[in-house]
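Report on the structure given below.
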Amino acid sequence: MPSIRSTIRKVMSGRAFRRCSSIGSGAGSVAAGVLLAAIALTPTAIAAGGASAAVAPTGAAGGDAQAAALTAAASPAVLAAAEARTAATGSAALVAAPIPRPAYLSPDTLVLDPKRRLAYTALSTAAAIAVTDLAKPDAVARRVPLTGNPNGLAVAPDGSRLYAATGEARGVVEVLELPSFKRVATWRTGGHTPSGMALSADGKTLYVANRFTNTVAVLDVSAAGNGRVLAQIPAVREPHQLALSPDGKTLAVSNFLPVQAATAPDIACELTLVDTAARRVRANTVLYPGAQSLAGVAFSPDGRFVYALHILSRFGVPITQLDRGWVNTSALTLIEVKDASIFATVLLDDPDNGAAVPHALAFADGGRRLYVALAGTHEVLALENSAMVAKLEEFFAGKVKIPNVEQKADLNYSLSFTAAFKKRIALKGRGPRALAVLPANANGAGAGGGGGDANAADAAARQSVLVATRFSTALEKLDFTGGDFPRVNSTLLPLGDEPAPDAIRRGEANFNDASICYQQWQSCASCHPDGRADGINWDQRNDGLGNPKNTKSFVFSHVTPPCMITGVRATAEKAVRAGIQHTLGTRQPEQFAADIDEYMKALRPLESPFLAEYRAKDPKGRGKKIFDDAGCADCHNGPFLTDRQLHDVGTGDAEDTGRPFDTPTLHEVWRTAPYLYDGRAATLHDVFTKFNKNDKHGVTSKLSKQDLDALILYVNAL
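What follows is the structure, given as structure tokens:
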């Protein structure tokens, strides 16, 4: 077996390295060219002794940064250490290290402290919280450092503590004492990438969504509990945001992605309802077919409904046009809490103007109005919620008609129903990810008390909403005045400075921008959230019609050509430009696409949530040996676990029978279900059993249950 030194030399002299190293200078393209900045070992090697990483010096620039990083990666000391750690198995995977980046703010989560008239904003790529004094809107926010990037925030009801969910594979909650912001505790959540959080009304129980271990941790945050984990409640797939009902009896969990096989006609993500007293799942409500990227979730103030924001993908038709929501639409689903049934799903789009990537929502005025952050179109949508619900109830009772809607299911195709109830407000910032309605005392409306109903009506007409936009350095405060379709005044509350965007940052913004799409129906992130995959099959014209293919992750796409499942694009660069033209329906300047290239090149796999289990259960590398003996390593080899070739592994169906498909990387395979070219395999177990006819896709038919489990655990740990 070749040594690590010879493997590195081959990679450094190969076409992938030559292409990336010739991209040119500049911070973004340099960073993207650093393919071998570190040596990340296989799980077997990590279990045996850990990995040694060499990272490009942050002060290097231009070609010097490439040279420095590659020299570090290939230095004799690093090579010797890596070879020593992998001597037992003779295997190593060369994977690029995280690229040193400027500290952009990326405001992503927002909570209010009404007691102190403060707003806390999670700076999700700056490992900090910004503290905005709402009484001093011109003052730059105070910055409170954290030990990791925050994914979620929560404030104790009595104002004594601020909780921040940070960390990735070893997720924690950082506890800050208020008003000093002194860190007084760090509690483990027992899961990977803690995200959304919710606090009980008495402030004694904290719920945390562990996104990549598919659980909700229940923490005792009382004085006696000291952050003890009371339970891990199972979710479905990638629990993202949480909300507690007004009576505290029900917890809603938004599962971000579908869990079914992509060939299932009813594939959709699910909303989990948890009985908080019993700490068990009460129901999993499957949304309408095509629902994915389920993000924002909130209970109506009266506790009757859970509102869920998501994309509604029209996967059943070929991508031949974009008009009238042909591919992706943006939806709001109302779920009855009492029986977990869907009351209605309505669209937020207009007939000729998509409301792409809905991301967060907040109620105002006792539920009369609902505000929605549209991350893709850089807008906030104000929805007259009470009036809309009343109209729906009248329709279901047969008292009124809705044009072109005959039954409940027709609503999720109607692009005109919500028109009478909404107003879209363009923002100054880009990419709104969170919003919060200011209470009257923080906003100034209704201050001074008295006035009865007149004051209440006045306060409702003078609402203010704070919006956190990812690609900006300020909160945006929207002041609404007057009637059902109010006038809006916008002001910016500074969060601090950040460096000018490099190519990677510009590419991230472009990737998430639906305003460059024809009629704003979608962004790249609509089908590739976080640069990964939506779990849906799409029928694109690039390889014929009537043969849909599953969405692929973009991790390592630029160094593992060809691209697309059938290899119809020779390089990822060509695929990016074809996607802009044919999937977004526009033409953009070359620099726009080049920046997206840099963003995609900078994507790195997360540590697997299965790695700890693999270390504990398979210290001798049994799964890796089965992987090799079954012939998996014949194609899934090299630094990116792919031979970059097309193979017929017997999985083609109908007109794709006998067709060769591109060998995908196995890095982060745990995150990319469903599997195979058409997503027919919901799990890796299905790949190796149901859909491996004649052992053409690895010799797995004779494996014992124990061997099969070991193989699956190994692959999931990559």
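First residue of the sequence shown: 938, per my numbering; consecutive thereafter. From the three backbone atoms N, C-alpha and C, an ideal C-beta is built for every residue, glycine too.
Going by beta-carbon coordinates alone, are residue i and residue j separated by less than 8 Å?
{"i": "A1509", "j": "H1495", "result": "yes"}
{"i": "F1354", "j": "V1264", "result": "no"}
{"i": "S1490", "j": "T1609", "result": "yes"}
{"i": "F1408", "j": "R1367", "result": "yes"}
{"i": "G1313", "j": "S1463", "result": "yes"}
{"i": "N1653", "j": "V1586", "result": "no"}
{"i": "V1166", "j": "N1192", "result": "no"}
{"i": "V1092", "j": "V1145", "result": "no"}
{"i": "K1359", "j": "L1329", "result": "no"}
{"i": "L1136", "j": "E1435", "result": "no"}
{"i": "K1234", "j": "Q1178", "result": "Note that residue 1234 is Val in the sequence shown, not Lys. For V1234 and Q1178, yes; Cβs fall inside 8 Å."}
{"i": "T1126", "j": "A1405", "result": "no"}
{"i": "H1197", "j": "A1619", "result": "The identity of residue 1197 in the sequence shown is Gln, whereas the question assumes His. Yes, Cβ-Cβ distance for Q1197 and A1619 is below 8 Å."}
{"i": "E1413", "j": "K1365", "result": "yes"}
{"i": "I1502", "j": "D1571", "result": "no"}
Could you tell me the alpha carbon to alpha carbon distance between residue i and residue j, rounded to whole angstroms?
{"i": "D1615", "j": "H1622", "result": "16 Å"}
{"i": "N1426", "j": "D1276", "result": "41 Å"}
{"i": "P1340", "j": "D1260", "result": "19 Å"}
{"i": "S1132", "j": "G1595", "result": "43 Å"}
{"i": "L1156", "j": "A1106", "result": "18 Å"}
{"i": "K1630", "j": "A1310", "result": "47 Å"}
{"i": "S1641", "j": "L1403", "result": "57 Å"}
{"i": "N1163", "j": "V1223", "result": "36 Å"}
{"i": "G1335", "j": "K1345", "result": "12 Å"}
{"i": "L1603", "j": "H1573", "result": "7 Å"}
{"i": "D1302", "j": "L1320", "result": "12 Å"}
{"i": "A1488", "j": "N1449", "result": "According to the sequence as given, residue 1488 is Thr; it is not Ala. Distance between the alpha carbons of T1488 and N1449 is about 17 Å."}
{"i": "N1466", "j": "S1230", "result": "The sequence shown places Pro at residue 1466, rather than the Asn named in the question. Their backbone Cα atoms lie some 7 Å apart in a straight line."}
{"i": "F1236", "j": "N1221", "result": "16 Å"}
{"i": "N920", "j": "L1047", "result": "Nothing about residue 920 can be reported from this structure: the residues present for the chain run from 938 to 1655 only."}
{"i": "S1351", "j": "L1246", "result": "16 Å"}
{"i": "Y1551", "j": "D1050", "result": "42 Å"}
{"i": "I1066", "j": "K1627", "result": "48 Å"}
{"i": "C1454", "j": "A1268", "result": "18 Å"}
DSSP three-state call for residue i: helix, strand or coil?
{"i": "T1355", "result": "helix"}
{"i": "L1645", "result": "helix"}
{"i": "E1331", "result": "helix"}
{"i": "W1458", "result": "coil"}
{"i": "N1322", "result": "helix"}
{"i": "I1563", "result": "helix"}
{"i": "Q1518", "result": "helix"}
{"i": "D1260", "result": "helix"}
{"i": "V1624", "result": "helix"}
{"i": "G1388", "result": "In this prediction, G1388 has a pLDDT of 38, which is less than 50 and means its spatial position is unreliable; what the coordinates show is noted afterwards. Note: G1388 maps to coil in three-state DSSP."}
{"i": "D1287", "result": "strand"}
{"i": "E1550", "result": "helix"}
{"i": "G911", "result": "The structure shown does not extend to residue 911, since the chain spans only 938 to 1655, so no value can be given for it."}
{"i": "F1448", "result": "helix"}
{"i": "V1652", "result": "helix"}
{"i": "R1443", "result": "helix"}
{"i": "A1312", "result": "coil"}
{"i": "E1273", "result": "strand"}
{"i": "I1170", "result": "strand"}
{"i": "A1610", "result": "coil"}
{"i": "K1630", "result": "helix"}
{"i": "Q1528", "result": "helix"}
What does the Cβ neighbour count give for residue i, buried or exposed, with the cut at 16 atoms within 10 Å?
{"i": "S1460", "result": "buried"}
{"i": "T1266", "result": "buried"}
{"i": "E1592", "result": "exposed"}
{"i": "T1084", "result": "exposed"}
{"i": "G1089", "result": "buried"}
{"i": "Q1582", "result": "exposed"}
{"i": "K1633", "result": "exposed"}
{"i": "D1390", "result": "Confidence at D1390 is low in this model, with a pLDDT of 46, below 50, so its placement is unreliable and no value can be given for it."}
{"i": "P1074", "result": "exposed"}
{"i": "D1203", "result": "exposed"}
{"i": "T1257", "result": "exposed"}
{"i": "G1635", "result": "buried"}
{"i": "F1564", "result": "buried"}
With a threshold of 7 Å (Cβ to nearest heavy atom), would residue i be considered close to the ligand HEM?
{"i": "N1474", "result": "The ligand HEM is not part of the structure shown, which contains no ligands of any sort."}
### Query
Where in the stretch 1461 to 1513 do unbroken runs of the alpha helix (DSSP H), each at least 4 residues long, occur, reported from the N-terminal end onward?
Within the stretch 1461 to 1513, the runs of alpha helix (DSSP H) at least 4 residues long that lie entirely inside it are, in chain order, 1461 to 1464.
### Task
Mind listing, in chain order, the continuous beta strand (DSSP E) runs of no fewer than 3 residues lying wholly within the stretch 1122 to 1150?
Within the stretch 1122 to 1150, the complete beta strand (DSSP E) runs of at least 3 residues are 1131 to 1136, 1142 to 1147.
### beta strand (DSSP E) runs contained entirely in the stretch 1196 to 1220, provided each spans 3 or more residues
Within the stretch 1196 to 1220, the complete beta strand (DSSP E) segments of 3 residues or longer fall at 1207 to 1212, listed in chain order.
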